[in-house]
Structures are given as structure tokens and as C-alpha cells.
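Residue numbers (my numbering): 4 to 162.
See the structure below:
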């Protein structure tokens, strides 16, 4: 499990954005993406106050997000490596360390966005899944630690 944990910790380092899913007022899912940084072990997203995700999170702070291997880099389209989390959002976080992380990564663009209506949203992780290949799916806890391997009766099982 230690090697799997190391892979889990390394995987997000190849990404600068994630696909987000939030719930609209009409209880339908909305999917888009947002840039993020990781500070400590926490994920922070940068989004505009006019973005649909912002409106959705104000009304319902439940969210999920996924980091998924690029199709062109995947050995098998059916088993793209991916990390997904279910979380609740903390909206309009004021943290200079996180702001600096965005500026260090995205330079002038981040500085410009902070001058506009963009805010930081922290994803407080509840649980997740890390899939790295066939038969290699793992439950992840709120501390981003591998809990256990998913068995057929727990996930994508066969009947």
C-alpha cells in the first residue's frame, strides 16, 4: 500500500486544472473545469463570481472533482489513471499563502484575475477514489490516505 500511497501523492503534480461537478438550483449536475493549486494537502480552485460553479456552490456547497490522465498518454482508454474526490466547498477563502501559490504558478494571469472578480474556493475532501489500472482501484479517505482496495462488490463489479 505504501507504493500506492506514493503514486497517489505524485499523481496531482501533473495537473493544473480539474474537472468539477456541482449541483444547480434545479438539482441537475453541471460540469466544467477550474485551475487549482495544492497547499499543504488542500486543493484550492480559482473561479470567477460569474461562473456557474460559483453560483452552484453558493446554493449547495457539495462538489466533486476529477483529475484524469490525458487520452493521448493512456496505455488503455478503458483504464485511464484518475483521482476523484467528493468534497464540500469553502467559498471565498482569504489566504495569502494560497494566493501566492496561484501567482507563482500562473504569474501575471493570476495577478490579473485577482484584480477582477476571481476568488479562491477550498475543497474540503470527504472521500475519493484513485484508479491506476485494471483491478487497481482504491478508496481514499478525507486525509488523502489510501484506505483499501475496492473489491468487485464495492464498485464496478460484475453480476
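Idealized CB from N, CA, C, for every residue including glycine. Bear in mind the structure is a predicted one, so any value in this text is a computation, not a measurement.
Exercise for the section: Could you tell me whether the region 47–67 touches the region 122–131, where touching means 3 or more Cβ pairs closer than 8 angstroms? Expected result: yes
Practice task
Return the residue from the list 10, 91 and 58 that minimises the CA-CA distance to residue 45.
Solution key: 91
Practice task
Spell out a yes or no on whether the region 108–119 and the region 81–88 are touching, meaning 3 or more CB-CB pairs, one atom from each, closer than 8 angstroms.
Solution key: no
Exercise for the section: Could you tell me the distance, in whole angstroms, from the CA atom of residue 24 to the CA atom of residue 141? Expected result: 21 angstroms
Handout entry: Beta-carbon gap between residue 123 and residue 49 smaller than 8 angstroms
Key = Using a Cβ distance threshold of 8 angstroms, residue 123 and residue 49 count as a contacting pair.
Problem - First through last residue of the alpha helix (DSSP H) which encompasses residue 96 - result: Premise fails: residue 96 is in no alpha helix (DSSP H) and is neither H nor E.
Exercise for the section: Give me the Cα-Cα distance between residue 60 and residue 94, rounded to the nearest whole angstrom. Expected result: 8 angstroms
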